[in-house]
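Asker: Below you'll find the structure I mean.
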Amino acid sequence: MTKPIDLAIRSAALSILAACSPPASSPDDVTRDDRRGPDSLVVDDGEVLQHEEVRVEAPDPRDPTATCVEYRESVSGTSADPRGLPAKPRQRRMGPPSQEVWGGRVGGGIQCTLTWDVTEADVEVTVTPTCCPMPGGRQQPCPPPHKQMMRGHRGIEERVVIDPAGQPRERQIEWVVYEPSVPMHACGRRPEGFELRDAPTPGLAGELATMAALESASVAAFRRLARELRHHGAPRELVERAEEAARDEVRHARTLRRLASARGGRVLPWRRSRLPVRSCLAIAAENAIEGCVREAFGAALAVVQANSAADAELRDAFRIIADDECRHAALAWDVHGWLMGRATPEERSVVAELQRQALASLDHGHAEEATRRALGLPDALASRALAAALGKELGIAA
């Protein structure tokens with residue numbers, strides 16, 4: 208890889224931002240599209256190929272949300288009210304309940320998803336503490352997964368298609384338990400044994416509070432990295448950059464806590480295990496996963512968010528965070544280079560495979576749609592494309 212790390216990260220992020228922007232069009236830039244009307248002129252490189260007569264089916268003119276609201280009002284309190292009908296056994300879903308009424312167009316009608324009688328409830332959730340794979344065993348056992356009661360929701364969910372005549376069909380009703388979203392924490396910069404003591408509240412404030420907790424945890428991780436680099440005789444510059452990264456993360460945590468608090472969020476306590484000094488190979492393995500891959504991916508996400516978040520305050524915050532995280536990712540790759548210079552060929556092969564696995568296992572989002580848009584996060588498809596572009600820029604084999 209010859210391109211500087213920060214430029215590689217920004218190139219990957221900008222490729223996604225460009226793909227999400229509507230392309231500029233001109234009269235001469237006409238491509239084949241099955242949605243054209245009759246006698247459409249097809250042009251290819253300026254040459255007229257043919258006229259085509261294509262029958263276009265008119266889209267359903269009804270407003271999907273309004274149609275679903277009308278349906279909900281028409282069945283509420285009647286014999287068709289789903290609260291009085293048999294339902295499928297209780298299902299479990301991750302995350303907060305969807306909005307009360309959602310509508311979208313499907314072939315031949317309007318598809319509605321309705322939630323009824325949603326209430327808070329205690330939900331048993333499996334919590335898995337963060338533990339990174341370490342070649343040659345770990346110095347300290349990872350806390351095992353355990354059950355924990357958290358505040359979630361339960362209710363009735365109905366899915367139905369309203370045909371063009373206004374009649375319901377393909378109706379499905381089920382009881383649902385909505386488990387709180389327990390964040391999928393990355394390895395490496397999250398200290399060994401890290402876990403949140405409580406689940407975040409749903410919505411934007413909860414996501415910001417979770418991000419603040421993760422930034423706070425990264426302070427301990429960078430301080431540990433600085434201590435370990437000093438212990439193993441790394442160049443002074445790397446030690447100082449790790450200490451500076453810890454200070455950056457203190458600022459990030461404060462900023463995100465302020466943003467969360469202003470939106471009704473609360474501080475999320477977290478716990479971790481003791482952090483002893485590890486072998487160079489153990490440091491390299493963790494750094495490959497969290498620093499070289501996940502921190503670089505987080506920096507690319509922050510670049511996207513700095514351009515796409517819903518309000519100026521969030522965009523400004525993510526712009527500063529993106530600049531810092533790009534430097535942290537560059538530090539990770541410089542630490543990687545120093546450690547690989549001390550490693551055997553077999554150890555280098557192991558670490559390279561850990562990078563590849565980390566790229567393939569990146570989390571591509573669990574936030575609800577409104578929260579995702581507010582934070583400026585890409586959807587799952589764009590997030591996967593971002594990971595692929597980042598892997599190519601960083602030279603990590605897919």
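Quick note, the sequence shown lines up with residues 208 to 605 if you use our numbering.
We put the beta carbon where it would ideally sit given N, CA and C, even for glycine.
1) With distance defined between alpha-carbon atoms, name the residue in Val426, Ala537, Gly583 nearest to Arg461.
2) Please list, in chain order, all residues of the same chain as Tyr365 whose beta carbon is under 6 Å from its beta carbon, the five residues on each side excluded.
3) Check whether the segment 520 to 530 and the segment 482 to 499 are in contact - that is, three or more C-beta pairs closer than 8 Å.
4) Can you grab the Cα-Cα spacing for the pair Trp309 / Ala467, in whole Å?
5) Check whether the segment 430 to 450 and the segment 409 to 420 touch, using three or more Cβ-Cβ pairs below 8 Å as the test.
6) By how many angstroms is the C-alpha of Gly410 removed from the C-alpha of Ser218?
7) Taking the runs of the alpha helix (DSSP H) that are 4 residues or longer, which of them lie wholly in the segment 535 to 591?
8) Have a look at Leu561 and His360 and give me their C-alpha separation to the nearest angstrom.
9) Which whole-angstrom value is the C-beta distance of Ala220 and Val510, which I expect to be below 8 Å?
10) Using a Cβ-Cβ cut-off of 7 Å (strictly less than) and excluding sequence neighbours within five positions of Ser222, which residues of its own chain qualify?
11) Nearest CA to the CA of Leu436: which residue from Pro483, Leu566, Met356, Arg312?
12) Closer than 8 Å by C-beta to Gly316: which residues in its own chain qualify, once you throw out the five before and the five after it? Chain order, please.
13) Looking only at C-alpha atoms, which of Met356, Ala581, Ser281, Glu327 sits nearest to Ile363?
14) Looking only at DSSP bridge pairs, what is Gly311 linked to?
15) By how many angstroms is the C-alpha of His459 removed from the C-alpha of Cys499?
16) Under 6 Å Cβ to Cβ from Ala581, same chain only, skipping five residues before and after it: list those, please.
17) Exposed or buried, which one is His438 when buried takes at least 16 other CB atoms within 10 Å?
18) Is Thr285 helix, strand or coil when you go by DSSP?
19) Looking only at its own chain, which residues have a Cβ that is under 6 Å from the Cβ of Gly311, when we skip the five neighbours before and after it?
20) Just the Cα atoms here: how many angstroms apart are Ser281 and Gly472?
21) Measuring CB to CB, does Val325 end up less than 8 Å from Glu386?
22) Apart from the five residues on each side of it in sequence, which residues of its chain come closer than 6 Å, Cβ to Cβ, to Met547?
23) What is the rounded straight-line gap between the Cα of Asp329 and the Cα of Lys599?
Answerer: In brief:
1) The option with the nearest alpha carbon to Arg461 is Val426.
2) The amino acid occupying residue 365 in the given sequence is Glu; Tyr does not appear at that position. Only Pro289, Leu321, Ile380 meet the Cβ criterion.
3) no
4) 27 Å
5) no
6) Rounded to the nearest angstrom, the two C-alpha atoms are 30 Å apart.
7) Complete alpha helix (DSSP H) runs here, min 4: 552 to 567, 576 to 582.
8) Cα to Cα, Leu561 sits roughly 37 Å from His360.
9) 4 Å
10) Ala596
11) The residue with the shortest Cα to Cα distance from Leu436 is Pro483.
12) Asp267, Val368, Ile369, Asp370, Pro371, Arg376
13) Glu327
14) Gln318
15) 20 Å
16) If you ignore the 5 residues before and after Ala581, its C-beta comes within less than 6 Å of the C-beta of Leu411, Ala517, all in its own chain and listed in chain order.
17) His438 is exposed by the Cβ-count criterion.
18) coil
19) Pro271, Gln318
20) Straight-line Cα distance between these residues: approximately 37 Å.
21) no
22) Counting only residues of its own chain and dropping the five nearest sequence neighbours on each side, Met547 has a CB closer than 6 Å to the CB of Arg555.
23) 44 Å
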